[in-house]
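Shown next, in structure tokens, is the structure this report addresses.
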């Protein structure tokens, strides 16, 4: 699959149903039942059944997209921008459906075990997400309008492996998740200030 403006794409865990509508600029990913990424800090079994469609960036970058989930939602389903290094090192920024029935921005950073953090509740049916690299660090941001960006977190990964960055759909407890991504943009520069809304 080719997405305009992005390098060549590959899957982390084998192909999943996917379609890119070039006229609309929209990527659609459909998760299989029960797939997720999770390295449970409480000692439960690790889950890596979800598959990310991504590319290998060079140097600093910022990848952003407007994301939504089409149709009925199930607990923990999500449209995701993610980073994959290996099964013990990965991170994801999610538009996720909570156990309380609320759509939220949720981030997970995994250096062996997952550090899972709920961010803001999203009242609208969509949200903009952005993942950036600044030297040895990575940053997550979210936005209601794609113009003013709210800081979610900054972190480092404890690995020298090369990152695969891209898009994913997950449905840990559901039959599927129809994730949609549009307004996809890639820059070779990260934000100069992580906390000023830029």
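Numbering (this note's numbering), first residue to last: 3 to 200.
Don't be surprised by glycine CBs; every beta carbon is placed ideally from N, CA and C.
Please read these numbers as outputs of a predicted model, since none were measured by experiment.
Spell out the partners DSSP gives residue i in its beta bridges.
i, result
"residue 126", "Looking at the DSSP assignment, residue 126 forms no beta bridge with any residue, so it has no partner."
"residue 1", "Absent from the structure is residue 1, since the part of the chain shown begins at 3 and ends at 200."
"residue 87", "In the DSSP output, where bridge partners are listed per residue, residue 87 has none listed."
"residue 110", "94 and 118"
If you reduce the DSSP assignment to three classes, tell me which class residue i lands in.
i, result
"residue 99", "strand"
"residue 48", "coil"
"residue 72", "strand"
"residue 8", "coil"
"residue 148", "coil"
"residue 185", "strand"
"residue 56", "strand"
"residue 200", "coil"
"residue 180", "strand"
Could you work out which residue in the options is closest to residue i when comparing CA atoms only?
i, options, result
"residue 27", "189, 65 and 182", "182"
"residue 75", "179, 5, 149 and 25", "179"
"residue 16", "111, 84 and 55", "55"
"residue 34", "125, 24, 45 and 52", "52"
"residue 58", "198, 163 and 130", "163"
"residue 141", "148, 79, 153 and 176", "153"
"residue 8", "14, 65 and 85", "65"
"residue 146", "135, 196 and 126", "126"
"residue 102", "111, 129, 123 and 14", "123"
"residue 133", "87, 4 and 95", "95"
Terminal residues of the continuous beta strand (DSSP E) containing residue i?
i, result
"residue 168", "166-172"
"residue 138", "Premise fails: residue 138 is in no beta strand (DSSP E) and is neither H nor E."
"residue 29", "28-33"
"residue 21", "20-23"
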